[in-house]
Each structure stands twice: as C-alpha cells, then as structure tokens.
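Undergrad: Just dropping this structure here.
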Amino acid sequence: MTAAIDKSCARFGPIWLVRGVSAWNFATLLYAAFFTIGLLTYVGSGTPYVMTAMLHIPAENQGVVTGQLVLWTEIVSIALFGPVGMLADRYGRKNLFAAGFALMGIGYALHPLVTSVSMLVLARIIYATGTAVCTGALGTVVTDYPQERTRGWAVAISGFFNGLGVALLNFMLGGLPRRLQAMGYDDVVAGTYTHWFVASLCFLSAVVIFFGLKGGTPAGASEEHNLIKIGKTALRHMRNPRIALAFAAAFVARGDLVILGSFLVLWGKNAGLENGLDLPTASRAGTLIFVTATSAALLWTLVIMFLLDRFNRVTMLAACLAIASAGFLGMGFVTDPLASADKPLIALLGIGQISAFFGSMSLLGQEAPVNERGTIIGGFNIAGALGIAFVSGVGGYLFDAFSPKAPFVMVGVLNGFVMLAAILVRKWAPGAAALGEPARAT
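All residue numbers for the sequence shown refer to the numbering used here, where the first residue is 25 and numbers rise by one.
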C-alpha cells in the first residue's frame with residue numbers, strides 16, 4: 025500500500041519533504057541539479073579547445089585522444105562507485121557533494137595549464153573524481169529528500185533542472201573564449217580564463233552546497249555499497265529478461281551521451297576550423313550544436329515522460345531505441361554539422377539520446393524489487409559505464425581513421441540491435457501491460 029503523506033513536514037511546491045528537510049534544502053538541491061550536470065558537461069566543449077590551442081594536437085588525431093580521456097573518466101567512475109556510497113553514508117551527503125565540486129574545480133583549473141597529453145589525462149582524472157562524487161551524491165540526495173508519494177515529482181523536477189543547466193551553461197560558457205578574444209586576449213589566454221571561470225563556478229557551488237543542504241545522514245543509512253555485491257545481484261536478476269534488457273539499453277544509452285557530449289562538439293569545432301573560423305568562434309559553433317541537441321532533448325522530456333507512464337514499458341523502450349537509432353544513423357547523412365539544413369538531424373539526435381536513457385530507466389524502475397533496488401541500479405550504472413568505455417575507445421578510433429560520422433553510425437547500429445531484443449522481449453516476456461499492473465512471471 026502506498027505510504028500516506030505526512031503533512032506536518034515541509035513542502036516545496038507539489039513535493040512533500042521528509043522530516044528534517046526544509047524547502048531551502050530542496051531549493052539548494054535544484055541548484056545542485058542545475059550546476060552539477062551543466063558544469064561537468066562543459067568538458068566536452070573545453071577539451072577540444074585545449075587540444076587545439078594549448079597542445080597543438082592535429083585535428084586528425086583528436087578523436088583517439090578524446091576517446092582515451094573519456095575512457096579514463098569511466099575507469100575512475102567505476103572505481104569510485106562503491107566508495108562514494110560508503111563515504112556519503114559515513115560523512116554526510118553535503119560534505120561529500122561540496123568536496124566533489126571542489127575537485128571538479130581543481131580539474132578544470134588545471135586543464136589549460138597542461139603541456140602534454142599525459143598531463144591532460146591527469147587533469148581529467150582529477151576532474152573525473154569530482155564528477156563521480158557529485159553525480160553519486162546528487163542521486164543520493166534526490167532519493168533522500170522527498171516523501172514516497174511525491175518522489176516522482178522530485179525526480180522529474182530535478183531532471184528538468186539537469187537538462188536546463190546543460191543547455192544554458194554550455195550556451196553561455198561556449199561563447200566566453202570568443203568574447204575574451206574580442207577584448208584583445210589571444211587563444212591561449214582566452215581559453216585559460218574561460219576554464220578558470222568554470223572552476224570558480226565549481227568552487228562557488230561547493231560553498232552553496234555546504235551551507236544549503238541538510239547536514240548529517242538519514243537515519244538508518246546503512247546500505248552496503250560493494251561492487252562485488254552489486255555484480256552478483258545484477259547477474260542474479262538478469263534472469264528476468266526485462267532487467268537484462270534494461271542493462272543492455274543502459275550500455276547503449278550511456279554510450280549515446282558520450283557521442284553527443286564529446287564527439288559532436290569535436291566534429292563541430294573541426295568543421296568550423298575547416299570553414300575558416302578562428303578557434304574561439306569554431307569552438308562556440310561546436311558547442312552550439314551540442315546545445316541544439318540538448319535543447320531538443322529538454323523539450324522532448326515533457327513528452328516522453330508523459331508517454332512512459334501510459335504504455336507498456338518494454339514497448340516504450342523499443343520505441344525509444346528506434347528513435348535513438350534513427351537519430352544516430354541520420355548523422356550519416358550530415359555533410360556539415362554547422363549547416364542550418366542539418367539542424368533537424370541534430371535535434372533528432374538529442375531526442376533519441378534522451379529517449380533511450382529514460383526508456384531504460386523507467387523499465388528498470390518498474391522491474392527492480394524494492395528491497396534490492398539500490399544494488400540493481402548500481403549494476404545498471406556499471407553497464408552504462410562499460411558502454412561509455414567501449415563507445416569512447418572504438419568511437420575515437422573510427423572518428424580519426426574513417427570519418428566523424430562513423431562513431432554515430434556505430435552507435436545507431438547498436439541501438440538498433442537492442443531495439444530488436446526489446447521487440448523479442450515484448451513478444452515473449454512483456455511484463456506489465458500498463459502502469460500499475462503486475463508483471464508476468466518469467
């Protein structure tokens with residue numbers, strides 16, 4: 025039976041909060057949702073700039089380097105997944121969250137100072153440590169604060185602020201080097217000051233988080249965060265074909281995000297340089313492509329979340345993967361990512377990426393048993409991290425060796441394969457016919 029709302033607690037709009045959490049705490053959470061994802065995605069715009077202006081890496085070699093950097097990011101994320109959960113339980117969410125923003129800021133501050141690819145990898149590892157901590161803490165706080173009856177609202181609103189932060193911050197920060205250049209600074213100084221400004225936003229956010237979130241840890245927070253346990257639990261539950269399907273979808277959906285956030289910006293920046301633009305202008309042009317895709321995804325979120333609650337989740341995942349496959353395969357027809365005629369394909373790319381992610385998350389949320397949901401979601405996140413590692417490594421090679429289009433086509437094919445698997449699962453193990461109906465035993 026669904027738990028009743030305790031109306032003696034604080035409220036933020038339609039969201040009822042658990043005892044001890046204030047409306048100010050939840051407002052700080054929305055601030056964190058806006059800046060966490062928005063600031064961590066800037067690396068997709070800043071790294072191509074650093075590779076060109078500071079390290080002078082030829083454009084034909086930047087795909088492999090980008091793939092290596094993303095791979096290191098995921099290695100750090102997987103390694104820290106368990107420790108972040110334990111530290112959050114032991115030392116408190118806000119302390120860990122603030123430390124994560126500080127580490128992200130240090131990583132950004134170091135990026136423009138590197139003189140070799142090895143130093144860039146080191147700066148990325150520091151950055152990745154901060155992002156792993158921040159994203160882990162964000163997910164934990166979103167779970168902690170709302171009462172069960174309004175948890176869906178809390179997740180939806182925080183997700184909207186995630187997308188809004190990505191679109192607005194990348195739009196504003198992407199044009200900063202060009203504005204600094206117009207003030208008389210050269211490419212290196214403009215890029216350095218931009219990264220340091222991003223770092224200052226991270227440090228400011230650390231302060232806001234420290235003073236705005238609720239202190240301490242929730243009563244009874246003692247869930248075991250252990251990669252071995254997560255792996256065993258995930259494998260056991262993969263006997264449920266719908267959970268296995270959700271894991272497979274996570275593998276491709278998270279890979280979709282890497283292609284969107286890293287290789288799309290790199291492709292746009294290189295195209296701008298080939299078209300005769302200076303580096304700051306080309307970098308902004310590449311960032312604006314990413315903003316176009318994420319803005320379309322943000323608007324589509326309102327539609328897809330409505331549909332996911334009204335149809336069979338396996339059916340919806342198959343549809344979401346079909347959209348993602350069409351979006352990524354459609355990039356094979358793009359000749360110039362900066363051309364206005366190709367903007368609809370860029371928008372479809374963003375719509376497809378967010379569809380695959382929400383489709384996989386909604387199916388997993390329906391199927392995961394409540395008493396083991398945390399560890400199963402952990403397995404889902406690991407599957408996504410492995411997908412990112414695979415796509416970044418292979419995609420970087422394809423980007424340089426064949427064409428900037430090649431990583432997108434590869435991911436489109438992968439989405440197509442998982443879509444076919446979803447169709448088979450829909451036929452033989454469809455689960456709930458509609459939200460709230462019991463799943464068919466398998």
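We put the CB at the ideal spot given by N, CA and C, even for glycine.
None of these values were measured; they are calculated from a predicted model.
By how many angstroms is the C-alpha of residue 42 removed from the C-alpha of residue 28?
TA: Locating residue 28 in the sequence shown gives position 4, counting from the first residue. Locating residue 42 in the sequence shown gives position 18, counting from the first residue. Straight-line Cα distance between these residues: approximately 12 Å.
Undergrad: Assuming residue 419 and residue 443 form a contact by the criterion Cβ under 8 Å, report the distance between their Cβ atoms to the nearest whole angstrom.
TA: Here residue 419 corresponds to residue number 395 of the sequence shown, with the count starting at 1. Here residue 443 corresponds to residue number 419 of the sequence shown, with the count starting at 1. Contact flag wrong, Cβ pair sits at about 19 Å.
Undergrad: Given this structure, state the Cα-to-Cα distance separating residue 200 from residue 218, to the nearest angstrom.
TA: For the purposes of this step, residue 200 is taken as the residue at position 176 of the sequence shown. For the purposes of this step, residue 218 is taken as the residue at position 194 of the sequence shown. Each residue's alpha carbon lies about 6 Å from the other.
Undergrad: Using 10 angstroms around the beta-carbon of residue 276, count the other beta-carbons present and answer buried if the total reaches 16, otherwise exposed.
TA: Counting from 1 along the sequence shown, the entry for residue 276 is found at position 252. Under this definition residue 276 is a buried residue.
Undergrad: Give me whichever residues DSSP pairs with residue 102 in a beta bridge.
TA: In the sequence shown, counting from the first residue as 1, residue 102 sits at position 78. DSSP lists no partner for residue 102.
Undergrad: What is the DSSP secondary structure of residue 237, counted as helix, strand or coil?
TA: Numbered from its first residue, the sequence shown carries residue 237 at position 213. Three-state result, residue 237: coil.
Undergrad: Please classify residue 130: does DSSP put it in a helix, a strand, or coil?
TA: Working through the sequence shown from its first residue, we reach residue 130 at position 106. Looking at residue 130 - three-state DSSP - the assignment turns out to be helix.
Undergrad: Helix, strand or coil, according to DSSP, for residue 41 in the structure here?
TA: To locate residue 41, count along the sequence shown from 1; it is residue 17. Strand.
Undergrad: With a CB to CB cut of under 7 Å and the five nearest residues on each side skipped, what residues in its chain are close to residue 214?
TA: Here residue 214 is taken as the residue at index 190 of the sequence shown, counted from 1. So the list reads 201, 204, 205 and 304, once near-sequence residues are dropped.
Undergrad: For residue 246, count neighbouring C-beta atoms within 10 Å of its own C-beta (all shown protein chains included) and say buried if the count is 16 or more, exposed if not.
TA: Here residue 246 refers to the residue found at position 222 of the sequence shown. Confidence in residue 246 is poor, its pLDDT being 49 and thus under 50, which makes the residue's placement unreliable; the coordinate value appears in the next sentence. Under this definition residue 246 is an exposed residue.
Undergrad: Suppose the cutoff is 8 Å on Cβ atoms and the five residues either side in sequence are ignored; what does the same chain contact list for residue 332 look like?
TA: The residue given as residue 332 occupies position 308 in the sequence shown. The answer, listed in chain order, is 340, 382, 383 and 386.
Undergrad: Below 8 Å, how does it come out for the region 66–78 and the region 217–236: are there three or more Cβ pairs, yes or no?
TA: The answer is yes - the region 217–236 touches the region 66–78, with three or more Cβ pairs under 8 Å.
Undergrad: Does residue 35 come out as helix, strand or coil in the three-state DSSP assignment?
TA: Against the sequence shown, residue 35 aligns to sequence position 11. If DSSP states are grouped into helix, strand and coil, residue 35 belongs with the strands.
Undergrad: Our contact map puts residue 368 next to residue 291 with C-beta atoms below 8 Å; I'd like the distance itself, whole angstroms only.
TA: In the sequence shown, the residue the question calls residue 368 occupies position 344. In the sequence shown, the residue the question calls residue 291 occupies position 267. The pair is not a contact, with the Cβ atoms about 17 Å apart (cut-off 8 Å).
Undergrad: Does DSSP classify residue 361 as helix, strand or coil?
TA: Residue 361 sits at position 337 when you count from the first residue of the sequence shown. Residue 361 falls in the coil class under three-state DSSP.
Undergrad: Closest by CA to residue 147, which one among 336, 323, 94 and 190?
TA: Within the sequence shown, the letter at position 123 stands for residue 147. Nearest of 336, 323, 94 and 190 to residue 147, Cα basis: 94.
Undergrad: Would DSSP call residue 244 helix, strand or coil?
TA: The residue given as residue 244 occupies position 220 in the sequence shown. No answer about residue 244 holds up, because its pLDDT of 48 lies below 50 and its placement is not dependable.
Undergrad: DSSP puts residue 170 in a beta bridge; with which residues?
TA: By 1-based counting over the sequence shown, the position of residue 170 is 146. Beta-bridge pairing links residue 170 to 41.
Undergrad: What did DSSP end up calling residue 29 once you bin it into helix, strand or coil?
TA: Residue mapping note: residue 29 aligns to position 5 of the sequence shown, counting from 1. Three-state result, residue 29: coil.
Undergrad: Return the Cβ separation of residue 169 and residue 45 in integer angstroms, given the expectation that the two are a contact with Cβ distance under 8 Å.
TA: The residue you call residue 169 lines up with position 145 of the sequence shown. The residue you call residue 45 lines up with position 21 of the sequence shown. So it is a contact: roughly 5 Å between Cβ atoms.
Undergrad: Using 8 Å as the threshold, is the region 79–87 in touch with the region 323–332, meaning 3 or more CB pairs across them?
TA: They do not touch, by the three-pair rule.
Undergrad: Exposed or buried, what is residue 140 when buried is set at 16 or more other beta-carbons lying within 10 Å of its beta-carbon?
TA: Taking the first residue of the sequence shown as position 1, residue 140 is located at position 116. Exposed is the call here.
Undergrad: Excluding five sequence neighbours on each side, which residues of the same chain lie with their C-beta closer than 8 Å to the C-beta of residue 353?
TA: In the sequence shown, residue 353 corresponds to position 329, counting from 1. Around residue 353: 432, 433, 436, 437 and 440.
Undergrad: Please determine, among 127, 356, 448 and 88, the residue with the shortest C-alpha to C-alpha distance to residue 228.
TA: Here residue 228 corresponds to residue number 204 of the sequence shown, with the count starting at 1. Among 127, 356, 448 and 88, the Cα nearest to that of residue 228 is on 127.
Undergrad: So for residue 467, helix, strand or coil by DSSP?
TA: The structure shown does not extend to residue 467, since the chain is modelled only from 25 through 466, so no value can be given for it.
Undergrad: By Cβ distance below 8 Å, which residues in the same chain neighbour residue 48 in space, the five residues on each side in sequence not counted?
TA: On the sequence shown, position 24 is the one that residue 48 refers to. Excluding positions up to five away in sequence, the list reads 236.
Undergrad: If you follow the alpha helix (DSSP H) that residue 72 is part of, which residue opens it and which one closes it?
TA: For this step, residue 72 is matched to residue 48 along the sequence shown. Here the alpha helix (DSSP H) through residue 72 covers 67–77.
Undergrad: Quick one: what's got a C-beta closer than 6 Å to residue 364's C-beta in the same chain, skipping five residues either side?
TA: Start at 1 with the first residue of the sequence shown, and residue 364 comes out as number 340. Around residue 364: no qualifying Cβ.
Undergrad: Take the Cβ of residue 326 as the centre, count every other Cβ of all protein chains shown within 10 Å, and call the residue buried at 16 or more, exposed below.
TA: Reading the sequence shown from its first residue, position 302 is the one you call residue 326. Burial call: exposed.
Undergrad: Closer than 7 Å by C-beta to residue 446: which residues in its own chain qualify, once you throw out the five before and the five after it? Chain order, please.
TA: Locating residue 446 in the sequence shown gives position 422, where the first residue counts as 1. So the list reads 269, 338, 341, 342 and 345, once near-sequence residues are dropped.
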